[in-house]
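Chemist:
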Amino acid sequence: MSCNSSSPFTHINIHLKAPGKAAQLIFRVDAPGTFSSAGWRLVVQGGKAQLVIQDAQPGQAGVYMWNFVGRQRNMKYTQLEVSGEGGPAGHRTPPAFLWGAAGTRSLSCCLRGLEPGYVAQ
1 MSCNSSSPFT HINIHLKAPG KAAQLIFRVD APGTFSSAGW RLVVQGGKAQ
51 LVIQDAQPGQ AGVYMWNFVG RQRNMKYTQL EVSGEGGPAG HRTPPAFLWG
101 AAGTRSLSCC LRGLEPGYVA Q
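Going by my numbering, the first residue of the sequence shown is number 1, and it counts up by one from there.
(1) Distance, Cα to Cα, residue 46 vs residue 8?
(2) DSSP state of residue 45, grouped into three classes?
(3) Give the range of the beta strand (DSSP E) segment to which residue 62 is assigned.
(4) According to the Cβ coordinates, are residue 41 and residue 29 closer than 7 Å?
(5) Three-state secondary structure (DSSP) at residue 39?
(6) Quick check: is any heavy atom of the ligand MG less than 6 Å from the C-beta of residue 15?
(7) Buried or exposed, going by whether 16 or more other CB atoms sit within 10 Å of the CB of residue 34?
(8) So, helix, strand or coil for residue 59, using DSSP?
(9) Can you look up residue 50 in the DSSP assignment and give me helix, strand or coil?
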């Protein structure tokens with residue numbers, strides 16, 4: 001799945017607002033490029049941004065606030081809920097992918113290989 005914009009991003013800021021906590025800056029980057037921070041990976045190419053969470057943890061749940069800057073400024077929100085403690089020993093949680101594109105009304109979010117206990121909204 002991909003989301004595209006006719007105008008490329010020049011800057012992207014992403015904050016995480018976890019329940020009961022103040023918003024935390026996850027990324028403030030000049031695009032394009034690939035960036036990593038504390039379990040998150042952000043890939044920005046042209047008018048497409050992809051946030052990858054390899055092993056989603058409860059501390060990464062909450063509302064993600066995306067601020068896109070290009071020819072126009074856009075702010076979008078998406079929510080990721082993580083419940084449970086994962087699967088059996090040695091089991092890897094499927095990565096979460098959050099996409100954003102300027103000019104869209106909403107962001108798409110999905111978990112590859114979605115399993116019980118891991119919900120994306």
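Heads up, the beta-carbon is just placed ideally off N, CA and C, and yes, glycines get one too. Values in this document were obtained by computation on a predicted structure and should not be read as measured data.
Modeler: The relevant details are as follows:
(1) As a first step, residue 46 must be located in the sequence shown, where it is residue number 46. As a first step, residue 8 must be located in the sequence shown, where it is residue number 8. Rounded to whole angstroms, residue 46 to residue 8 spans 4 Å at the Cα level.
(2) Within the sequence shown, the letter at position 45 stands for residue 45. Strand, per DSSP.
(3) Here residue 62 refers to the residue found at position 62 of the sequence shown. Taken as a continuous stretch (DSSP letters only), the beta strand (DSSP E) holding residue 62 covers 62-69.
(4) Within the sequence shown, numbered from 1, the residue matching residue 41 stands at position 41. Within the sequence shown, numbered from 1, the residue matching residue 29 stands at position 29. Not in contact: residue 41 and residue 29 (Cβ atoms no closer than 7 Å).
(5) As a first step, residue 39 must be located in the sequence shown, where it is residue number 39. Note: residue 39 maps to coil in three-state DSSP.
(6) The model depicted lacks the ligand MG and carries no ligand whatsoever.
(7) For the purposes of this step, residue 34 is identified with residue 34 of the sequence shown, where counting begins at 1. Classification of residue 34: exposed, given that the 10 Å Cβ count is below 16.
(8) The residue given as residue 59 occupies position 59 in the sequence shown. Residue state, collapsed to three classes: helix.
(9) Residue mapping note: residue 50 aligns to position 50 of the sequence shown, counting from 1. Strand, per DSSP.
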